[in-house]
Each structure stands twice: as structure tokens, then as C-alpha cells.
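Engineer: Residue numbering for the sequence shown follows full-length UniProt numbering, starting at 1 and increasing by one per position. C-beta atoms are modelled at their ideal positions from N, C-alpha and C, and glycine is treated no differently. After the C-alpha cells below, expect a handful of questions from me.
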Amino acid sequence: MLFFRGNHHAMDKYRHGENPFALVTGSSLGIGKAVAVELAALHFNVILHARTVEELEPVKEEIHKLYPGTRVVCLAQDAAVKVDWPHLLNQVKDLNITVLVNNVGTSSPFLPFDSLEKSEDDQIEAVIRVNTIFPTQITRNLLPTLMNNSPSLILNICSGSTYAPMAFLGIYCGSKASNLAWSQSLRNELRLLKRDVECKAVMTGNVATNGNSIPVDTFVPSAKVYAKSLLARADSSGPVYNGYWRHTPQLLICQFLGFFFPSVLDNICANVAKGLLVWRAQIGDKTALKVTDIPKYRHGERPFALVTGATAGIGKALAFELARLNFNVIIHGRTQEKLDPIRNELLEKHPDMSVVCLVQDASKTADWPALIKQLEGLRITVLINNVGASGPVPYNALECATDEQIETVIRVNTIFPTQLTRNLLPNLIENAPSLILNLTSGAALVFPPLLSVYSGTKSSNLAWSQALAHEFHYLKRDVTCKAVMTGSVQSAGHNRAISAFIPTSEVYAASLLARAGTSSLVYAGWWRHALQASVLLRTIVASSDQTLVCQRFFDELSACLRFELGSRRRHKGSVNMAAKYW
Ligand SMILES: NC(=O)c1ccc[n+]([C@@H]2O[C@H](COP(=O)([O-])OP(=O)(O)OC[C@H]3O[C@@H](n4cnc5c(N)ncnc54)[C@H](OP(=O)(O)O)[C@@H]3O)[C@@H](O)[C@H]2O)c1
């Protein structure tokens, strides 16, 4: 039973030096507050964080009353806005911080459960800022301190919703999936660089807090019980652990079944049928690979397909392939100068097609009404969210990245596609049947070091895409939404030699469109990537959403077993894999 409940000395290792401090973000209420109080009980001094100092005063008082002598520092910062990090962290620069708990999170500052159609652009940005940008940037800014004060610990509070992305919570599920992937990628990186900083993702099921109306029951602990448990389990050997032992069966079931839309039974039947179909399509029969239904979206008068990031690489190749398939195309890029030659080339090859340019730097805040006005009157039936950035320095350790680089990658890869999709939804719904393809990456599944922010954003694309597909199903919209798992492809941004497993952008673009008819919510854009993924990742993980769920199920199962059996073996595997990978 002790194994299940954890170890009371799990945090001892990080309580060293003079006056050790633990910083807990979002600690005015709920789990954050309970974790801060529990850390004080474990003889840590604490740095509390919330929007205002007034919100933190009662927590400070409570800690002083319960544990006199504990030093408590309050940091006031709204996580939903751009942060002046040097100014904020100057207040704690001389403190011996050995523990960082990234707890702050929100489903939406305005409407907790709403469809993408009804969300506002500033809500989307706020959720992604609070849940993704803020934890990543605070970690980057505190990494030198944590390395200096090692051994140290970063705990990232994630959510069980990642395993089963839900309708009406797509942006939240995406941002939490991002935390989970980023955390694992960062852990691999810290080990690769031999930093004595431990980084773990904590999977959290339902917890009764004053922010939600869920009552305490067998599987729903109070925030206090949960905080005690998650800290007691912090010496789990895996990169991810469940904060509370009774959440383990819940999360496993949740992962195994996926989320029950429209019903558990339907889901099981669909899983079996799709699994067989996808397996046959991916590996079994090469002729079955051409599961195209792209012509289905070429209907009505002058149908348009919009491709983001169409000035180079896969995006450019997609624009040409769509024009070849008789779609009029809208090409997006950051400047007119970059788009003009592509437009001319397209018109030269396909003089009967219309080509429209959409200029917007995806890393900057867009004036969406003005941008969408330019597309007025165009019947858009296909949207391909292809634009992606790994950063100005593609392979970069988090400790070397700048806050600007982090924000750029997250804006280009998550905020821009989400806001663009939201703004185009009325057009896509009116011109249904329509299709949204979101390009994600194998990095969302293998968590490579030196690409942690990218890995997080691509995992976010994957979860958000699945949640959106469930949402369309539930709202009976005839809009299909799929995530395309992309392995290595030669492109402008990924200048690798062509090989058996690295196609040109042109080959890849033709293949991913040809395979868009697969019944799966997640599919590999090229059959050899599916094969590669099957071999490398043990299952046909990249070929279907269901197998993705299975992959995570087995990962979680093995992590739980390792923990529950008290294994303290270091996770050498992931470091070796990372070293080989790079
Ligand atoms: N290639 C691979 O091996 C690979 C693997 C996995 C996933 N993917 C995913 O596939 C997608 C395409 O990748 P790719 O290799 O074709 O990329 P790429 O060759 O680097 O091309 C990226 C495209 O996005 C545009 N772009 C980048 N930042 C932008 C910004 N701030 N504003 C507007 N446009 C911007 C680029 O325009 P500029 O010309 O102006 O820079 C270019 O058109 C990405 O989502 C990527 O994550 C690729």
C-alpha cells in the first residue's frame, strides 16, 4: 500500500542548502494552494504566485499559522499577458529555489466549456498563454537557478484530458497535451546535457477544488489529499506519473476507451473496425493506400483550398498538388514578395485556376476581421494548417532559447492555426462538406531533446485536432477534421537528403492528400512513415487515433507498474534513445 500512496521522503532530496525555496505557480486556490501548504509542511520555504498579491495574502497567513518560521514570498503576475521576466524574477533572484511546480492553468478565463465556433480570439490566446507560454518561459528563466541549486525538480501539472481529447475543451486539451510532451522532451534534454534537474509530468484526474463543483468521493480527492499524494509520489522513476493512486485505474480506462463520444459502445466498435481497416491500408495492401476522398470536397462553384505556410516546403507542394486536383488555391505566407513568385508559377502551370494570396506573419497578432474580409465571397472547402516553425535556431536547448523564440514557436504552431480555423469555420460550415487537415509531427510522440517547445506544440495540434473532430461530430457539422502525422520530409526548413524514409515535399504532399480519405482522425501522411512509426514505436501509433490511445495506454501502464512495484531504475532508455536520435 505504501507503494501506491507514495513515499514521505520523496521530496527530501530537493530540500538542501540554506533556506531552500519551492515556487508554485497559480497558488492562490485549489491544487496550487494545497501544494504550497504541503511543501511548507515538508519544511520548504515557498514562493506563491497569482494575479495579485491580495489573492495570496490569505494563503501566506495560513502557512504562517500552520508552519511558523516558513518564509513566504508572493509573486503577482497575470499569466495571460506578456511577462517582463527580468523584472518579475528579480524579486526572487537571491533565493535558493530548488523546486518549481508549474501548476497554473485555465480552461478559459471566460467560458469553461464552449465550442471553437463560439470562442473568441482573445480567449484562445489567453488559454494558450496561461497553459503553455507562461510555464515554458518561467522554466526557461529559472533553469540557470535550478541548475545552480541542483539537485532540483520541475513538476508540470498535466491533465488526464490529454489522453482523451474532448469536444468543447479542445484548446484546453491541446495546451495540456503540449505540457505533457514538452515536459518529457525537456526531461530527455536535461538528461542528455547531464543537468541534475529532474523534470516530471504529473497526470491529474478529477480533484475537488473550490474552482469546480465536483464533490469529494472515492476517486475524487480533495485538493489537500491530492497535493500530499502528488508530492509523496514525486520520486516515481518515470517521466510521467499519476498524482493520486486511485486516478490510475480511471486514467487507464479513459485512455483505453478514448472519450465516449457518441457512446462507449460505438467507440469500441469503431476502434475495432478502424483498427483493422487502417492496419490493412497502412501495411497490408499497397493498393489500399490510396484512400482518397479529396474529390468529395471539390464541389459547387469555384471551390477553394487554403494552405498556410505555402511559400516553401510541404505547404508549397500542397498548393501545387491541390491546383493539379482542380482546386482554386489560397496561399498564405508572411510577405507578398514571397507569395508572388509562387502565385505566378501556379498560374503558369494551371491557367484555369484562381490563386489568392493571404499575407500574415503567423508569429504576430493578426487583425482577423480585416484578414477574413479579404476572403469574402470565396467558397473554402479545404483548410490545411501546415504553417510550422521549430524556432530560429531549430535544435536548441531550452536553457539557450530566448523568450521571444519560445513565443514565436507557440504562436506560429498553435495560436495562429487555432484562430485561423475559428475565423474560417462559418465559411467551412456553410460550404460543407469541408475538410481541415492539421499537420503534426512524430516529435509529438517521441519527445526529442533540444526540440521541447516544438514537440509540445505538435502534441497540442494532435490533441486539439481530435477534440475538434469530436466537437464537429457532436454538433453535426459536416466538417471533417484530421491530424496528419508527419515524419521526416525534405523541405526548405528540414534540409535532409532524400532516403527510403525521407521523401521530397512533392511526394509527401501528393501522398498525404491521397490518404486523406482514411477513416481515422489521425493518419500518417506517407505509408513508409507509418511503417517506420510501427517499427520504432512498437505499434502503428502514427496511423490511427485509436492506436495512439493504445500506445499511451501501454506507456502509462508500464510507468504505473514501474512506480507501483517500487522500481527505482533510472530511465536510461530514453537518454540512450535521445543520444542516438541526435
Ligand atoms: N519537414 C519535415 O520533416 C517535417 C516533419 C514533421 C512535421 N513537419 C511539419 O510540416 C509543416 C511544414 O513543414 P516544412 O518542413 O515544409 O516547413 P518549411 O520548409 O520550413 O516551410 C515552412 C513554411 O511556413 C512558413 N512560415 C514559417 N513561419 C512563418 C510565419 N511566422 N508567418 C508566416 N509563414 C511562416 C514559411 O514561410 P517563409 O518562407 O516566409 O519562412 C514556409 O512557407 C510544419 O507544420 C512542420 O512542423 C515537417
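1. Relative to the alpha-carbon of residue 461, which residue among 517, 29 and 176 has its alpha-carbon at the smallest distance?
2. I want to know whether the stretch 169–189 touches the stretch 423–431 - three or more CB-CB distances under 8 angstroms.
3. Starting from residue 381, follow the beta strand (DSSP E) in both directions and report where the run begins and ends.
4. Since residue 74 and residue 95 are thought to touch, with beta carbons under 8 angstroms apart, how far apart are those beta carbons, to the nearest angstrom?
5. Let me check you understand the geometry: is the CB of residue 184 closer than 8 angstroms to at least one non-hydrogen atom of ligand 1?
6. Roughly how many angstroms separate the alpha carbons of residue 136 and residue 406, rounded to a whole number?
7. Is the distance from the Cβ of residue 23 to the Cβ of residue 101 below 9 angstroms?
8. Can you tell me whether residue 36 is helix, strand or coil according to DSSP?
9. Kindly examine ligand 1 and report whether one of its heavy atoms sits closer than 8 angstroms to the Cβ of residue 236.
10. Taking DSSP as the reference, what is the three-state secondary structure of residue 74?
11. Tell me whether the stretch 375–387 and the stretch 299–308 touch, counting them as touching only if at least three CB pairs, one residue from each stretch, are closer than 8 angstroms.
12. Which residue marks the beginning of the beta strand (DSSP E) containing residue 465, and which one marks its end?
13. Is residue 344 close to chain C, meaning its C-beta is less than 9 angstroms from at least one C-beta of that chain?
14. Could you spell out the range, first to last residue, of the alpha helix (DSSP H) harbouring residue 173?
15. Assess contact between the stretch 186–199 and the stretch 143–150, defined as three or more Cβ pairs (one per stretch) separated by less than 8 angstroms. Is contact present?
16. Does the distance between the C-beta of residue 361 and the nearest non-hydrogen atom of ligand 1 fall short of 8 angstroms?
17. Leaving out five residues on either side along the sequence, give the residues of the same chain with a beta carbon under 8 angstroms from the beta carbon of residue 38.
18. How many Å lie between residue 486 and residue 32 at the Cα?
19. Does the beta-carbon of residue 489 have 16 or more other beta-carbons within 10 angstroms, so that it is buried, or is it exposed?
20. For residue 115 versus residue 167, is the C-beta distance shorter than 9 angstroms?
21. Taking the straight line between their C-alpha atoms, what separation do you get for residue 181 and residue 421?
22. List the whole-angstrom C-beta distance separating residue 396 from residue 439, where the pair is believed to meet the contact cut-off of C-beta under 8 angstroms.
23. Once you ignore the five residues that flank residue 66 on each side, which residues in its own chain have a CB closer than 6 angstroms to its CB?
24. Kindly list the residues whose CB is nearer than 7 angstroms to the CB of residue 62, restricted to its own chain and excluding five residues on each side of it in sequence; keep chain order.
25. Taking 8 angstroms as the cut-off, does the CB of residue 454 come closer than this to any heavy atom belonging to ligand 1?
26. Could you spell out where the beta strand (DSSP E) holding residue 305 opens and where it closes?
27. Could you compute how far the alpha carbon of residue 492 sits from the alpha carbon of residue 504?
28. With H, G and I counted as helix, E and B as strand and the rest as coil, what does DSSP make of residue 42?
29. If you drop the 5 nearest sequence neighbours on each side, which residues of the same chain put their C-beta closer than 7 angstroms to that of residue 125?
30. Between which residues of its own chain and residue 86 is the CB-CB distance below 6 angstroms, once the five residues before and five after are set aside?
31. What I want to know is whether the C-beta of residue 413 ends up closer than 8 angstroms to one or more non-hydrogen atoms of ligand 1.
32. Residue 433 to residue 203, Cα distance in whole Å?
33. Could you give the distance in angstroms between the alpha-carbon of residue 361 and the alpha-carbon of residue 309?
34. Which residues bound the beta strand (DSSP E) around residue 326?
35. Which residue marks the beginning of the beta strand (DSSP E) containing residue 20, and which one marks its end?
Structural biologist: This is what the structure gives:
1. It is 176 whose Cα lies nearest to the Cα of residue 461.
2. The stretch 169–189 is not in contact with the stretch 423–431.
3. Note, residue 381: beta strand (DSSP E), 379–385.
4. With a Cβ gap of about 13 angstroms, residue 74 and residue 95 do not count as contacting.
5. For ligand 1, not one heavy atom lies less than 8 angstroms from the Cβ of residue 184.
6. Rounded to the nearest whole angstrom, the CA to CA distance from residue 136 to residue 406 is 8 angstroms.
7. Closer than 9 angstroms, so yes.
8. Correct three-state label for residue 36: helix.
9. No, since every heavy atom of ligand 1 falls outside the 8 angstroms radius drawn around the Cβ of residue 236.
10. Three-state result, residue 74: strand.
11. The stretch 375–387 is in contact with the stretch 299–308.
12. Boundaries around residue 465 are those of the alpha helix (DSSP H), 452–474, since no beta strand (DSSP E) includes it.
13. You won't find chain C in this structure, because it holds only one protein chain.
14. Judged by DSSP secondary structure, residue 173 falls within the alpha helix (DSSP H) whose first and last residues are 170–192.
15. Yes: at least three Cβ pairs fall under 8 angstroms.
16. Residue 361: yes, Cβ under 8 angstroms from ligand 1.
17. Residues of the same chain with a CB within less than 8 angstroms of the CB of residue 38, apart from the 5 flanking positions on each side, are 224, 227, 228 and 231 in chain order.
18. For the pair residue 486 and residue 32, the Cα-to-Cα distance works out to about 37 angstroms.
19. Classification of residue 489: buried, given that the 10 Å Cβ count is 16 or more.
20. Yes. Within cutoff.
21. Each residue's Cα considered, the two are about 23 angstroms apart.
22. With a Cβ gap of about 21 angstroms, residue 396 and residue 439 do not count as contacting.
23. Cβ contact annotation for residue 66 (same chain, cutoff 6 angstroms, sequence separation greater than five): none.
24. Counting only Cβ-Cβ distances below 7 angstroms, and skipping sequence neighbours, we find 37.
25. Yes - ligand 1 has a heavy atom lying nearer than 8 angstroms to the Cβ of residue 454.
26. Under the DSSP assignment, residue 305 falls in the beta strand (DSSP E) whose first and last residues are 303–307.
27. Their Cα atoms are separated by approximately 10 angstroms.
28. Three-state DSSP puts residue 42 in coil, outside helix and strand.
29. For residue 125, where only same-chain residues beyond five positions count, the Cβ hits under 7 angstroms are 415.
30. Nothing meets the Cβ criterion.
31. Ligand 1 has a heavy atom closer than 8 angstroms to the beta-carbon of residue 413.
32. Distance between the alpha carbons of residue 433 and residue 203: 37 angstroms.
33. CA-CA distance, residue 361 to residue 309, rounds to 10 angstroms.
34. Residue 326 -> no beta strand (DSSP E), and no H or E assigned at all.
35. Start and end: 20–24.
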